[in-house]
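Notes follow once the structure below has been shown.
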Amino acid sequence: MKEIDELREILSQTLDWNRARLTCFCQIVLALFRVRSVNLTQLATAFQGKAKLDSHYKRLQRFFRELKFDRLDAFKIILQIFPIKRKVWLIIDRTNWQVGSKNINILTLAMTYEGTAIPLVWFVMNKAGNSSTDERIELLEKVIRQLGPSKIAGLIGDREFIGNQWFDYRESMV
């Protein structure tokens, strides 16, 4: 529980949450590293404490059902937990899946940190298909405003992230 206490102390400087909610959030963050999955059933197995697995799972459901969280706060917390000591590589990616007839389409910008991609900002797109250049630029500019261009080593993306306007924008950053 020492790591939970340490993380809770750090996060309490940014988040004005009660102790129980903050502890749950700390459990989630640490569980993400243990199980390397966002599946709630798997996260529940990595929760510390004497409660039953089903209780941990229900706690996760309640946490996310009641969550009101500003993305800029999330970014600040990430930078508190993973301080940038040298230039970082940014990774842009998009994931898309369906739940019933609803498309879930998320554009994410992450940073590399000790071999792991840590999401910094994301954008839920209310459409199927690829992201536009404007959506990518908006995401990248949010990160640049927080980090500053001097902290960015470069940007990595797969073949989806091409196009003259996009390349021109990236060149103007250098």
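Our numbering puts the first residue of the sequence shown at 200, with every later residue one more than the last. All C-beta atoms, glycine included, are put in the ideal place defined by N, C-alpha and C.
(Q) Which runs of the beta strand (DSSP E) at least 3 residues long sit entirely within the region 273-338? Give them in chain order. (A) 287-298, 301-312, 315-324
Q. Quick one: what does DSSP say residue 250 is sitting in, helix, strand or coil?
A. Note: residue 250 maps to coil in three-state DSSP.
Q | Reduced DSSP category for residue 354 - H, G, I as helix; E, B as strand; rest coil | A | strand
Q. When you compare each of 341, 281, 368, 292 to residue 304 by their alpha carbons, which one comes out closest?
A. 292
Q) For residue 233, which of helix, strand or coil comes out of DSSP? A) Looking at residue 233 - three-state DSSP - the assignment turns out to be helix.
Q) Helix or strand or just coil, what does DSSP make of residue 211? A) coil
Q. Measuring from the CB of residue 283, is there a heavy atom of the ligand ADP at a distance below 8 Å?
A. Because no ligand of any kind appears in the structure shown, any question about the ligand ADP cannot be addressed here.
Q.
How far does the alpha helix (DSSP H) with residue 242 in it extend, from its first residue to its last?
A. 239-244
Q: Have a look at 328, 320, 326, 275 and flag the residue whose alpha-carbon is nearest the alpha-carbon of residue 336.
A: 320
Q | Own chain residues within Cβ distance below 8 Å of residue 211, not counting five before or after | A | 221
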